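Visitor:
Numbering (the working numbering), first residue to last: -8 to 367.
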């Protein structure tokens, strides 16, 4: 066990964590979390909004005195949604002995970090991904707040086939994220003796969708399930419509709902997105009401959105785990999170245990509007 973590075990409310990344080494009642995410490039809005939502929560917690005086700081490094950069960021965080890793964005990036996470036994909390490859086999230090892509694609396929739409194509990113989504669609279709009528791919961090549009439109699908980030999904929607496609587009939550709506503008009308977080624009759900009040107080043009509420809820889950920890230590955090069994977090159900590190299977569908809004 490293020196800082031995000291952190000593007393509730104290943590000793150096932070050379900031050009200084200090000891204080401060827990430092490391976040590697896209803050630049074509997936930047995912990392930016997730981080903003989490910081709203941590800043409010700290302003109220933290946990017996212990506060939480989130330090973020940009990986541009690139696995190798994420791996390097993770190595840097671990060498600087962060308390936990939090809010990573993406399947390929999180997978690149996993060998280091396993080796360092550092808690890895609330990644923004629903890939089964990060959930099976389960790891003791990895905790997922959101439902899986299997859960999302199962709902999408049920919705489509329930409407009598059985010719379903898949547009996917050509990496582990796209494969995870495709696997979910194939699994759901197979249960109904169906299979995708076409599959088209796009390379990560690009918008070169011409080949995918050609392959998918030619198959005349009733609907296209999109498993990619917002810029490439928007490019596909626009190009497919120009090519004469008149069917429906469905996306999984990782697309970045508000980012996709902003990217498409008026062309967003009718595009569907599955969601794993509560509707972030309603006052009727207590945890959303908390989030909206903090967004209002923050000002500065901050807008509520699904990525933001996911960051906020992930941060609240981490704080609730700390409150139940027997010691402020990485191992204590693991035990504290496992104690969150059948817990209502302001209307959002969280159910961890020693044998289950996936908090929620909540999924619902939403529709984008031409004015940049989202309807349930």
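We put the beta carbon where it would ideally sit given N, CA and C, even for glycine. In this text, all values refer to a predicted model and were calculated from it rather than measured experimentally.
Under 8 Å: do the region 266 to 276 and the region 134 to 154 share three or more Cβ pairs, one atom per stretch?
Guide: Verdict: yes, contact present.
Visitor: Counting only the same chain and skipping the five closest in sequence on each side, list residues whose C-beta sits under 8 Å from that of residue 308.
Guide: As a working mapping, residue 308 is identified with position 317 in the chain shown. 116, 117, 134, 136, 328, 331, 336, 341, 350, listed in sequence order.
Visitor: Enumerate in chain order the residues of its own chain whose CB-to-CB distance from residue 89 is below 8 Å, with the five nearest sequence positions on each side excluded.
Guide: To locate residue 89, count along the chain shown from 1; it is residue 98. For residue 89, where only same-chain residues beyond five positions count, the Cβ hits under 8 Å are 8, 23, 24, 25, 66, 113.
Visitor: Mind checking whether the beta-carbon of residue 140 lies closer than 6 Å to any heavy atom of the ligand NAP?
Guide: Among the components of this structure there are no ligands whatsoever, and the ligand NAP is therefore not found.
Visitor: Helix, strand or coil for residue 353 per DSSP?
Guide: As a position in the chain shown, residue 353 is number 362, starting the count at 1. Residue 353: coil per DSSP, three-state reduction.
Visitor: Counting C-beta neighbours from all protein chains within 10 Å, is the total for residue 45 16 or more, i.e. buried, or is it exposed?
Guide: Taking the first residue of the chain shown as position 1, residue 45 is located at position 54. By the neighbour-count rule (16 or more Cβ atoms within 10 Å), residue 45 is buried.
Visitor: Am I right that residue 361 and residue 259 are in contact with their C-beta atoms under 8 Å? What's the rounded C-beta distance?
Guide: Residue 361 sits at position 370 when you count from the first residue of the chain shown. Residue 259 sits at position 268 when you count from the first residue of the chain shown. That pair is a contact at about 6 Å.
Visitor: Count the other CB atoms within 10 Å of the CB of residue 254; is the residue buried (16 or more) or exposed (fewer)?
Guide: Sequence index remark: in the chain shown, residue 254 carries index 263 (1-based). By the 10 Å Cβ count, residue 254 comes out buried.
Visitor: Just verifying my parser: in three-state terms, what is the DSSP assignment at residue 318?
Guide: Position 327 of the chain shown holds residue 318. Residue 318 falls in the coil class under three-state DSSP.
Visitor: Below 7 Å between beta carbons: does that hold for residue 228 and residue 359?
Guide: By 1-based counting over the chain shown, the position of residue 228 is 237. By 1-based counting over the chain shown, the position of residue 359 is 368. No, the Cβ-Cβ distance between residue 228 and residue 359 is not below 7 Å.
Visitor: Starting from residue 50 and walking both ways along the beta strand (DSSP E), at which residues does that stretch end?
Guide: In the chain shown, counting from the first residue as 1, residue 50 sits at position 59. That residue, residue 50, is in no beta strand (DSSP E); its alpha helix (DSSP H) goes 35 to 54.
Visitor: Between which two residues does the beta strand (DSSP E) carrying residue 339 extend?
Guide: Sequence index remark: in the chain shown, residue 339 carries index 348 (1-based). Residue 339 -> beta strand (DSSP E) spans 339 to 341.
Visitor: State the beta-bridge partners of residue 260 as determined by DSSP.
Guide: Walking along the chain shown from the start, residue 260 turns up at place 269. Paired residues: none, contrary to the question.
Visitor: Evaluate the contact criterion for the region 143 to 161 versus the region 174 to 190: three or more CB pairs, one atom per stretch, below 8 Å.
Guide: yes
Visitor: Is the number of C-beta pairs between the region 281 to 292 and the region 97 to 106 that are closer than 8 Å three or more?
Guide: Here the region 281 to 292 does not lie against the region 97 to 106, with fewer than 3 beta-carbon pairs under 8 Å apart.
Visitor: Can you tell me the Cα-Cα spacing of residue 357 and residue 169, whole angstroms?
Guide: Numbered from its first residue, the chain shown carries residue 357 at position 366. Numbered from its first residue, the chain shown carries residue 169 at position 178. If you take the alpha carbons of residue 357 and residue 169, they lie about 21 Å apart.
Visitor: Label residue 78 either buried or exposed according to how many other C-beta atoms from any shown protein chain fall within 10 Å of its C-beta, with 16 as the threshold for buried.
Guide: Counting from one through the chain shown, the residue named residue 78 turns up at place 87. When all chains shown are included, residue 78 counts as buried.
Visitor: Taking only three categories from DSSP, how would you classify residue 217?
Guide: By one-based count along the chain shown, residue 217 stands at place 226. The answer is strand: DSSP assigns residue 217 an E or B state.
Visitor: What does residue 92 pair with, by DSSP beta-bridge criteria?
Guide: Looking up residue 92 in the chain shown gives position 101. Looking at the DSSP output, residue 92 bridges to 25, 115.
Visitor: Would you mind sorting residue 69 into buried or exposed? The rule is 16 or more other CB atoms within 10 Å of its CB.
Guide: The sequence position of residue 69 within the chain shown is 78, counting from 1. Buried, by the Cβ-count rule.
Visitor: Output needed for residue 195: all residues of its chain with C-beta closer than 6 Å, excluding positions within five of it in sequence on either side, in chain order.
Guide: Counting from one through the chain shown, the residue named residue 195 turns up at place 204. Hits under 6 Å: 164, 166.
Visitor: For the alpha helix (DSSP H) holding residue 278, just list the boundary residues, first then last.
Guide: Position 287 of the chain shown holds residue 278. It spans 277 to 289 - the alpha helix (DSSP H) in which residue 278 sits, taken as one unbroken run.
Visitor: Output the distance between the C-alpha atoms of residue -3 and residue 219, rounded to the nearest integer angstrom.
Guide: On the chain shown, position 6 is the one that residue -3 refers to. On the chain shown, position 228 is the one that residue 219 refers to. Note that residue -3 has pLDDT 34, beneath the 50 cutoff, so the model's placement of it is unreliable and no number is given.
Visitor: Helix or strand or just coil, what does DSSP make of residue 163?
Guide: Residue mapping note: residue 163 aligns to position 172 of the chain shown, counting from 1. In the structure shown, residue 163 falls within a strand segment according to DSSP collapsed to helix, strand and coil.
Visitor: Hey, quick one: how far does the beta strand (DSSP E) through residue 193 stretch, first residue to last?
Guide: The residue given as residue 193 occupies position 202 in the chain shown. First-last of the beta strand (DSSP E) with residue 193: 190 to 193.
Visitor: Out of 106, 221, 273, state which residue places its alpha-carbon closest to the alpha-carbon of residue 256.
Guide: Here residue 256 is taken as the residue at index 265 of the chain shown, counted from 1. Taking each of 106, 221, 273 in turn and checking the Cα distance to residue 256, the smallest one comes out for 221.
Visitor: I need the DSSP call for residue 145, collapsed to helix, strand or coil.
Guide: Counting from one through the chain shown, the residue named residue 145 turns up at place 154. In this structure, residue 145 counts as helix in the three-state DSSP scheme.
Visitor: Is there contact between the region 49 to 60 and the region 306 to 326, where contact requires at least three CB pairs shorter than 8 Å?
Guide: yes
Visitor: Could you please give the first and the last residue of the uninterrupted alpha helix (DSSP H) stretch that includes residue 248?
Guide: Taking the chain shown and counting its residues from 1, the one referred to as residue 248 is at position 257. Where residue 248 is concerned, the enclosing alpha helix (DSSP H) stretches over 248 to 255.
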